[in-house]
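Protein chains: 2
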Amino acid sequence: MAVTVRDVAKAAGVSPSTVSRVFTAPEQVQTSTRDKVIEVASRLGYRPDPTARSLRSGRTESLGLVIPDIANPFFPPIVKAMQTRARTHGHTLLVADCDEREADELETIEAIVKKVDGLVLWASTLSDGRLRELAEEIPLVLVNRHVPGIPELHVSLAPGVTQAAEHLRALGHTSCVFVNCSRPEHLRGKAIRETFDAQGLGLVELGPYDPRFETGLHAATLAIANGATAILAHNDLVAVGVLHGLTAAGVDVPGEVSVIGIDDTLLAGLSIPALTTIRISPQAVATHATDLIVETITGSATAQHLVEVGSRLIPRASTGPAPHRA
Amino acid sequence: MAVTVRDVAKAAGVSPSTVSRVFTAPEQVQTSTRDKVIEVASRLGYRPDPTARSLRSGRTESLGLVIPDIANPFFPPIVKAMQTRARTHGHTLLVADCDEREADELETIEAIVKKVDGLVLWASTLSDGRLRELAEEIPLVLVNRHVPGIPELHVSLAPGVTQAAEHLRALGHTSCVFVNCSRPEHLRGKAIRETFDAQGLGLVELGPYDPRFETGLHAATLAIANGATAILAHNDLVAVGVLHGLTAAGVDVPGEVSVIGIDDTLLAGLSIPALTTIRISPQAVATHATDLIVETITGSATAQHLVEVGSRLIPRASTGPAPHRA
DNA sequence: ATGAAAGCGCTAACAC
DNA sequence: GTGTTAGCGCTTTCAT
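Quick note, the sequences are listed as chains P and R, same order. Heads up: the first sequence begins at 4 in this note's numbering, then just goes up one per residue. Heads up: the second sequence begins at 4 in this note's numbering, then just goes up one per residue.
Laid out in structure tokens, this is it:
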């Protein structure tokens, strides 16, 4: 098969351990020896075998990321940035999509848990108990899920929602609707209502629905009937649905109704009118999630237990002054 | 650490090899023995260690997929479908994004080549020579890249483009433009022009440009100046750019100009008007690519060397009858 | 700073 | 059908 440490050792006139050290702890090897080994290794085309290395060392140099749906345009930029970040730590990123189905999540995790040094679980649907068991088996980071004792990255919509409320209030809106597509237990609706309340803005919550385009279509009708002048949608996809629904009903955006999305996916910049939305930085999420799982693996002393990533409003063309009352 | 074959063997009163066989070749083990081993294994919580298994067997049970850009909405559905398909073969899919940068591709491949049993390279930018070298080292499947001797999946736009040409001809169009964003050596423009020629339709090629939204904006202006009544764009993103460009110029779609995209990404169904586009089935691509690499790995006799996946036109609202000549 | 020896957990020959 | 033996390629004590 391939070239091994022994081949290199023999050809360089040193022991296998020295060759190994050259690749794992070069500072422990005398410069002259090191140079020779490196020269011979590259001449022979030696590449360390990660499998053998893992078996011996117990480390895989891989990180696992489990997400609900890679086809949701919110995730690809995060995956991309995490892959880059993982590589700066010398790790490979293993992405697993559990397809939004809870039953699949455990199976999906099972399929990669033995192949990675740590796991990042995005909005896991597993029970607290299962997660605690898992955390005992392998370093774990939870994103948007809280289980006491397990390191957590919290992606907070609060700053963006506050800015959205300020934005709408400044534009004179008073009657707002939130199209909710989260699980009720997430209390997203409650949190958002409270933020709007704090700005002196009323907010009617619709849903929960599924986070689909058609949901937006439907919600637009309801919102109109409700007399709302501003609509905050669960995400950009739903917001685009709202945009379509309003347009179909002959309602002008932003002349009569303003619309705000969440996530700032590529959809937001491409809709007509371009969508005002709440942006979550994929780089920030990726960097923090990656660093947190690496610190958890190494047991680094500087490891925070809870890291927060914020959000902010990206004003575009779908929001404008509230119409004068009839 | 964890439970090993030996622990199970001891507890079940059999040898380690028997335990191993229960998990790799159960039919070679007597039913009664097998049941007992399974019972003991599950009681002890035994999970085979894939690392050790790989080291010994030489197989990783993983497949690698290298793509140019996971943030391009064309890829996520394919990644998702390939992951599912790989799992039915008992494999894990390892996705690597090389970020469209040629220099990174080799590095990206390097990072995973030793961790997988086979590699699927999407539109590789590597030289023929490098690819041949790589194919010597590991089973390889090329998508949309031809190197004699290396198994290949060809995603053919021809059927969809033919249907597009028929569609436009039936609608009375005679003056068409293709916004090209492929590398010149791909000859995509030439192939498409020939297809349109065969339908008796002229086609002016613009570009090559970068496949960006702004390209569409720009191309719209050029196409109008050109007197074109139909525009075929490199992909949906560019087509949406064209849509915006035309709208901004006060040109009605499809009243004055018809627009066709390529890929049928989620953008196509969400634009206004909804985009007529050429669809490439992610499932078909994923299934064939996965099966082809698996057959290449196993050296299966039924292995085809060249597999084709077609495409078809999805008519939506962005195409209509050509306007009457002024 | 370097080498010798042991063994990570598993599977594959080979024996019986 | 099952056990014995050996060793995949590497890292890591421990010794020198």
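Glycine included, every Cβ here is placed at the ideal spot set by N, Cα and C.
(message) Here's the rule I'm using: 16 or more other beta-carbon atoms within 10 Å means buried, otherwise exposed. How should P:P344 be labelled?
(response) What the structure shows of chain P is the stretch from 4 to 329, and residue 344 of chain P is not part of that stretch, so it cannot be assessed.
(message) With distance defined between alpha-carbon atoms, name the residue in R:R135, R:G67 and R:R315 nearest to R:A168.
(response) R:R315
(message) Rounded to whole angstroms, what is the Cα-Cα separation between R:G230 and R:L246?
(response) 16 Å
(message) Can you check whether the C-beta of R:A74 is within less than 8 Å of a C-beta belonging to chain P?
(response) yes
(message) Given a cut-off of 8 Å on the beta-carbon distance, is the pair P:A44 and P:V11 in contact?
(response) yes
(message) Could you compute how far the alpha carbon of P:P211 sits from the alpha carbon of P:E30?
(response) 59 Å
(request) State yes or no: is the beta carbon of R:A114 nearer than 8 Å to at least one beta carbon in chain P? (result) yes
(request) Counting only runs of 4+ residues fully inside the region 174 to 201 of chain P, write out the alpha helix (DSSP H) ranges in chain order. (result) 191 to 201
(message) Cβ closer than 7 Å: which chain P residues qualify as neighbours of R:L58?
(response) T54, A55 and L58
(message) So if I threshold CB-CB distances at 7 Å, which residues from the region 109 to 136 of chain R count as touching chain P?
(response) A114, I115, K117 and K118
(request) Counting only runs of 4+ residues fully inside the region 60 to 106 of chain R, write out the alpha helix (DSSP H) ranges in chain order. (result) 78 to 91
(message) In the DSSP assignment, the beta strand (DSSP E) including R:D213 goes from what residue to what residue?
(response) Looking at the DSSP string, R:D213 is not in any beta strand (DSSP E), and its letter there is neither H nor E.
(request) Could you round the C-beta distance between P:D107 and R:Q86 to whole angstroms and report it? I think they count as a contact, below 8 Å. (result) So it is not a contact: roughly 11 Å between Cβ atoms.
(request) Can you grab the Cα-Cα spacing for the pair R:V119 / R:E64, in whole Å? (result) 7 Å
(request) Might you give, ordered along the chain, the residues of its own chain that have their beta carbon closer than 7 Å to the beta carbon of P:P318, omitting 5 neighbours on each side? (result) H170 and T279
(message) Just list the residues that DSSP pairs R:S261 with in beta bridges.
(response) R:A233
(request) Go to P:T280, then tell me how far its beta strand (DSSP E) extends in each direction, as first and last residue. (result) T279 to R282
(message) With the cut-off set at 8 Å, would you say R:V17 and R:T34 are in Cβ contact?
(response) no
(message) Quick check on the burial criterion: 16 or more other C-beta atoms within 10 angstroms. Buried or exposed for P:P151?
(response) exposed
(message) If you follow the alpha helix (DSSP H) that P:H247 is in, where does it begin and where does it stop?
(response) D239 to A251
(message) By alpha-carbon positions, which one of R:E113, R:T322 and R:R104 ends up nearest to R:L97?
(response) R:E113
(request) To the nearest angstrom, report how far apart R:K52 and P:A306 are at their CA atoms. (result) A small fix is needed here, since residue 52 of chain R is Asp in this sequence, not Lys. Those two C-alpha atoms are separated by around 29 Å.
(request) Taking all protein chains shown into account, decide if P:G244 is buried (16 or more other Cβ within 10 angstroms of its Cβ) or exposed. (result) buried
(message) Among R:E140, R:V6, R:S261 and R:R148, whose alpha-carbon lies nearest the alpha-carbon of R:S127?
(response) R:R148
(request) Taking all protein chains shown into account, decide if P:T95 is buried (16 or more other Cβ within 10 angstroms of its Cβ) or exposed. (result) buried
(request) Taking P:D100 as the query, report the chain R residues whose CB atoms sit under 8 Å from its CB, ordered along the chain. (result) V82, K83 and Q86
(message) Tell me the rounded alpha-carbon separation between P:I227 and P:E217.
(response) 16 Å
(request) Report the rounded CA-to-CA distance for R:Q202 versus R:F181, giving the unit in angstroms. (result) 15 Å
(message) With DSSP as the reference, identify every bridge partner of R:H157, one or two as the case may be.
(response) R:E311
(request) Kindly list, in the order they appear in chain P, the residues whose Cβ is closer than 9 Å to that of R:R46. (result) Residues of chain P passing the Cβ test: none, with the nearest at roughly 16 Å.
(message) Helix, strand or coil for R:L204? Go by DSSP, reduced to three states.
(response) coil
(request) Please name the residue, chosen from R:E197, R:S185 and R:I195, that lies closest to R:P214 on a Cα-to-Cα basis. (result) R:S185
(message) Which residues in chain R have a C-beta closer than 8 Å to the C-beta of P:T63? List them in chain order.
(response) T54
(message) Quick check: is the beta carbon of R:V243 nearer than 8 Å to any beta carbon in chain P?
(response) yes
(message) Is R:L273 close to chain P? Criterion is C-beta to C-beta, closer than 8 Å.
(response) yes
(message) Short of 9 Å Cβ to Cβ, which residues in the region 201 to 220 of chain P face chain R?
(response) F216
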